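Just below is one structure, and these are the notes that go with it.
In our numbering, the protein residues as written are 422 to 621.
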């Protein structure tokens, strides 16, 4: 069994789905107009990642190569449906905010990519930790992007006002172009610190 801490760190920092691998961009750019949306989408995706990784790792030796991708999609779709039902039951406002992007987790390349690249080749425990790491990495990324966009665009953090009404708001940040701009700036900042650390 691989080191669980190393697997989790890999998902959060070294192979972060958003800032390093640049995958799963559709929900990243679409739902991060607020921090609550970002954390809600991130945790939903993380839950699907963990459970689908575990289940795919369990069935990896009994599924034929010819049908493994359709099998993976069925497993992922099952867990996405469960998560969506739970959101509808217990967090209807969040479910309404995220809308179509919850069902679209099924085709999120982070989920299918980890199923194919990791869960189908590793033990259940390692696959669970990989799901936790990647899920936390995705959740942290979406939450940070949401925090920046919400603060600059609306003057709020987690829907609580932090800037006075008189302070000018940059509404561009809660619109689609603001998502691209925020993502680009955060990626540049992260790469700057990584390169500085390497050269030190």
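Note that CB positions come from ideal geometry on N, CA and C, so glycine has one too.
Note that the structure is predicted; figures quoted are calculated from it, not measured.
Assuming residue i contacts residue j (C-beta within less than 8 Å), just tell me the rounded distance between them.
i: residue 478; j: residue 544; result: 6 Å
i: residue 603; j: residue 456; result: That pair is no contact at about 12 Å.
Evaluate residue i with the Cβ neighbour count: other Cβ atoms within 10 Å of its Cβ, from every protein chain shown; 16 or more gives buried, anything less gives exposed.
i: residue 605; result: exposed
i: residue 514; result: exposed
i: residue 586; result: exposed
i: residue 471; result: buried
Report all residues from its chain with a CB closer than 6 Å to the CB of residue i; omit the five preceding and five following residues, and keep chain order.
i: residue 498; result: 527
i: residue 501; result: 469, 526, 527
Might you give, ordered along the chain, the residues of its own chain that have their beta carbon closer than 7 Å to the beta carbon of residue i, omitting 5 neighbours on each side?
i: residue 582; result: 576
Quick one: Cα of residue i to Cα of residue j, how far?
i: residue 547; j: residue 486; result: 21 Å
i: residue 464; j: residue 512; result: 13 Å
i: residue 580; j: residue 442; result: 30 Å
i: residue 617; j: residue 492; result: 43 Å
i: residue 538; j: residue 595; result: 34 Å
i: residue 490; j: residue 553; result: 22 Å
State yes or no: is the C-beta of residue i within less than 8 Å of the C-beta of residue j?
i: residue 453; j: residue 531; result: no
i: residue 562; j: residue 466; result: no
i: residue 600; j: residue 508; result: no
i: residue 462; j: residue 519; result: yes
i: residue 432; j: residue 555; result: yes
i: residue 570; j: residue 474; result: no
i: residue 568; j: residue 578; result: yes
i: residue 529; j: residue 445; result: yes
Go through its chain and collect everything with a Cβ distance to residue i's Cβ below 8 Å, but skip five positions before and after it.
i: residue 504; result: 465, 468, 469, 523, 526
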